[in-house]
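Residue numbers (our numbering), protein chains in the order written: chain F, 1 to 461; chain Z, 1001 to 1355. Note that CB positions come from ideal geometry on N, CA and C, so glycine has one too. Quick caveat, the model's predicted, so the values are computed rather than measured. Taking it in order: structure first as structure tokens, then the write-up.
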């Protein structure tokens, strides 16, 4: 803020007297920005295996109790009904607990072999067309998701088989690379799968920082939308509007690989229901309802409202890990290259949470999630060809990149993209197409040194 | 449940506001930093997992003997060897990082609760009960707790004569399945194998994607120690006690829960002191160089926590109704240790390890 020396002494004295109480905000000095603080005040200074598991600072005692209850619920294994505790698993399901897919609150991994029960990859199913809310149309006898596991005595819906086909490529400097393109088929189905059904593989994503993303205003998200590329930069950015079960209305989608969930409560309830066969007030019907393997136990609702809210609250109150090595020369160069290759046009380096005095712990925070929470055409190579509300078969949400550099530490492996086909961050970049084709080609044009610098930057996130 | 990061932020701000002190770092620090990691990796982590492998083998042999000759004596040997395995495993829970977590060896062997509904269905079915076939079943039908339930029975007084043919088959399959999983788990940590996870610890700070710095390896070990303290105090002890429900107990049939809890904290002792069957350098040796009073405090809190658990008499399922003070004392003692590890020791590592 510029100060004028011609201001009279009296005015200056008055201003000084009022200084503490009526100081106007000044422009934030960028030099003072600590780049490590990806989650604002909700940044965890931890780069160990527990880096994704830190609760928000500033929670009240009751909020902390709720977070901890949610933490336990997140780790809880469910079992077949009837049971005294944690009853209601299945009869059809993908996994037995939240943490089984979101290992260490991080991401899942694709199956190591056909039928691998420990995978964090599942398949959404639909038929061409839309349901009454404009969402995917369920497949008769299979619903909206393939459950590849079943309680004892029941049959799995089907088993997904993945074959990877090698795809060779070259950087502009002549260095070779190879990618693996997945090919899917389904076997062992309990009844015939109808012809023409659509499917979409979805890998369990990390769950930290979601509360901050939920606290970004709709206005802020939509100001980056440019569905018809009016500014001609080759990047669209499209909002998805999805069905909010609780309010019975369409809402902006911001979670899930296709922005197909409007909020974390519904996201949690959907996962309990689709992935574990656990019913709640949001989704009171079993995922097998109407199918021949429906258990007909009349034991709904299996998850209490309070536990569902606690589990959702847990995902709303997990800190973001801090960036590392932000002063490293190579990392700094990588950051420049990230911007020069236009990665930052979708992977936004800055967002802001709303002002919310009832939740001061996430209010008015400058965050660096590296997403715009919008859909983009990512090209045919990544397309699942399955619409999800307004998302076309080619469109995916910009994946948040914060914490991506800790993937190997948290998960002991590194599989990226919606189906885990990319075995490294480099491969994930090389799979970009569609609106990101130009950025990918810019990356391919970089020298080896510059590519390494860009990767060093991404690993610092 | 972790507050390490934000506390560190406060410390960093305080440090940055202070005038620098004279550098008093000793010249031996660099050496001891890696030796501590090496000794814990070899002596404690590998030492424990290899011991578990050996005890799983003994357990399996005893189950085979019981299956061949189902006497009460042979059943008793099975129960003893189950407890011996359990002792090692519960100590291992102080270092659940690496493949035991990422490859989910923990849920494969120690899922709770047991899926009794499916277990009944399984035993009443014609499903082939072999190690290979039960490998296809859910984790809640395999591992310690189904084995415990089979061995002791619902009322903890099962006799050899009480076993059905299917139960013996199941017990055999469980033992072999468990042995196979433990073999696989131990191999993932074997120090001499090419893909051993321990190599990441041995090479901490040397272009290592898992532990890019030695500090990150220390923080991993400290976080894991604090984590098991949290689980014992605020999960294993808390849940049955606060709900006044013995069926929430961890190992109810063998009535081994209190021993489990004690061994969890013993695992913290092992890592902190770098000792299992072989004694080496532990985190304590590094802490002593930096802050002797903190080392004394942690040693004292470990000892107090173990004593507080041992002060709970009889079996835990009964103690939750009759020994409330002892249980609260144990929770407090373990939480004190957890807080010291999570706060003071973490801060020390964050600020004093620069490599």
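For residue 1125 (chain Z), there is no enclosing alpha helix (DSSP H), as DSSP marks it with neither H nor E. At a cut-off of 9 Å between C-beta atoms, residue 62 (chain F) does not count as an interface residue with respect to chain Z.
Using a Cβ-Cβ cut-off of 9 Å, residue 245 (chain F) does not count as an interface residue toward chain Z, since no Cβ of chain Z sits closer than that to its own. Taking every protein chain shown into account, the CB of residue 282 (chain F) has 16 or more other CB atoms within 10 angstroms, so this residue is buried. Taking C-beta atoms as the reference points, residue 1285 (chain Z) and residue 77 (chain F) fail to come closer than 9 Å. Against chain Z, a Cβ distance below 8 Å from residue 413 (chain F) picks out 1102. In the DSSP annotation of this structure, the continuous segment of the beta strand (DSSP E) that includes residue 397 (chain F) starts and ends at 395-397.
For the C-beta of residue 408 (chain F), the chain Z residues within less than 8 Å are, from N- to C-terminus, 1209, 1210. Cβ contact annotation for residue 1100 (chain Z) (same chain, cutoff 7 Å, sequence separation greater than five): 1106, 1185, in chain order. Around the beta carbon of residue 80 (chain F), 16 or more other beta carbons lie within 10 angstroms, which makes this residue buried.
The Cβ atoms of residue 122 (chain F) and residue 274 (chain F) sit closer than 9 Å to each other.
Of all residues in the segment 41-54 of chain F, the ones placed with a Cβ closer than 9 Å to any Cβ belonging to chain Z are 41, 42, 43, 44, 45, 46, 47, 48, 49, 50, 51, 53, 54, in chain order. Closest in C-alpha terms to residue 1283 (chain Z), from the list Z:1260, Z:1127, Z:1217, comes Z:1217. Taking 4 residues as the minimum length, the alpha helix (DSSP H) runs contained wholly in the segment 35-96 of chain F are 61-75, in order along the chain. Per DSSP, residue 357 (chain F) is not a residue of any beta strand (DSSP E), being assigned neither H nor E.
In the three-state reduction of the DSSP assignment, residue 326 (chain F) falls in the coil class. Using a Cβ-Cβ cut-off of 7 Å, residue 1156 (chain Z) is close to nothing in chain F; its nearest Cβ partner there is about 18 Å away. With a cutoff of 9 Å on beta-carbon distance, residue 1335 (chain Z) and residue 1234 (chain Z) are scored as near each other. Looking from the CA of residue 175 (chain F), the closest CA among F:448, F:420, F:410, F:363 belongs to F:448. For the segment 70-86 of chain F, the residues whose beta carbon sits under 8 Å from a beta carbon of chain Z are, in order, 71, 72, 77, 79, 80, 81, 82, 83, 84, 85, 86.
Apart from sequence neighbours up to five positions away, the residues of its chain that approach residue 224 (chain F) with a beta-carbon distance below 8 Å are 237, 348, 372, 374, ordered along the chain.
Just so you know, the alpha carbons of residue 1314 (chain Z) and residue 1320 (chain Z) end up roughly 11 Å apart. 9 Å or more divides the Cβ of residue 1211 (chain Z) from the Cβ of residue 410 (chain F). In the three-state reduction of the DSSP assignment, residue 206 (chain F) falls in the coil class, being assigned neither a helical nor a strand state. The C-alpha of residue 271 (chain F) is placed about 16 Å away from the C-alpha of residue 200 (chain F). The beta carbon of residue 253 (chain F) sits closer than 7 Å to those of 240, 241, 242, 259, 260, 261, 262, 389, all from its chain and outside the five residues before and after it, given in chain order.
Residue 1193 (chain Z) sits exposed, since fewer than 16 C-beta atoms from the chains shown fall within 10 Å of its C-beta. Residue nearest to residue 1333 (chain Z) within the set Z:1232, Z:1200, Z:1074 is Z:1232 (criterion: CA-CA distance). In this structure, the beta-carbon distance from residue 37 (chain F) to residue 322 (chain F) falls below 9 Å. Among the CB atoms of chain F, none fall inside 9 Å of the CB of residue 1232 (chain Z). Residue contact with chain F for residue 1093 (chain Z): absent (no Cβ-Cβ distance below 9 Å to any residue of chain F). Annotated three-state conformation of residue 183 (chain F) is strand, per DSSP.
Exposure of residue 128 (chain F) is indicated by the presence of fewer than 16 other C-beta atoms within 10 angstroms of its C-beta. Between the segment 1032-1040 of chain Z and the segment 1147-1162 of chain Z, the count of C-beta pairs closer than 8 Å stays below three; the two stretches do not touch. For the alpha helix (DSSP H) assignment, the uninterrupted runs of no fewer than 4 residues enclosed by the segment 1112-1179 of chain Z are, from N- to C-terminal side, 1116-1123, 1131-1134, 1144-1152. Taking the beta carbon of residue 100 (chain F) as reference, the chain Z residues within 9 Å of it are 1104, 1107, 1139, listed in sequence order.
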